[in-house]
Amino acid sequence: MELQINNQKFQFEQATVSIQMMLDTHWLKQQKGIAVAINSRVIAKSDWATYYLSESDDILLITATQGG
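For the sequence shown, position 45 matches number 262 in my numbering, and the numbering has no gaps at all.
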């Protein structure tokens with residue numbers, strides 16, 4: 218399966234991929250301060266393990282940063 222995350226393409230061997238699997242495989246191991254939006258809808262962190270992605274999904278990951 219190929220997913221486009223923040224306008225970058227990522228390959229997954231699995232036919233079905235949850236948000237949690239996506240993050241564990243290709244993204245951040247430290248998952249505090251992250252928001253995930255699928256097709257412009259924010260997905261609650263409690264749903265990441267059970268929300269399965271489709272190749273047509275528009276996936277946006279947002280990471281909180283500090284600044285001043």
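Built from N, CA and C at the ideal position, the CB exists for glycine as well. These figures come from a predicted structure and were not determined experimentally.
Going by beta-carbon coordinates alone, are residue i and residue j separated by less than 8 Å?
i, j, result
"Ile-251", "Leu-278", "yes"
In whole angstroms, what separates the C-alpha of residue i from that of residue j?
i, j, result
"Ser-235", "Ala-266", "6 Å"
"Asn-224", "Ile-255", "13 Å"
"Thr-233", "Thr-280", "24 Å"
Among the candidates the options, whose CA atom is the shortest distance from the CA of residue i?
i, options, result
"Ser-263", "Gln-237, Gln-283, Lys-226", "Gln-237"
"Gln-221", "Val-259, Ser-257, Ser-273, Thr-233", "Ser-273"
What did DSSP end up calling residue i once you bin it into helix, strand or coil?
i, result
"Leu-193", "Residue 193 lies beyond the range of the chain shown here (218 to 285); nothing can be said about it."
"Lys-249", "coil"
"Ser-257", "coil"
"Ser-271", "coil"
Got a sec: is the Cβ-Cβ distance from residue i to anything in chain D below 8 Å?
i, result
"Lys-262", "Looking at the structure shown, chain D is missing, and only one protein chain is on hand."
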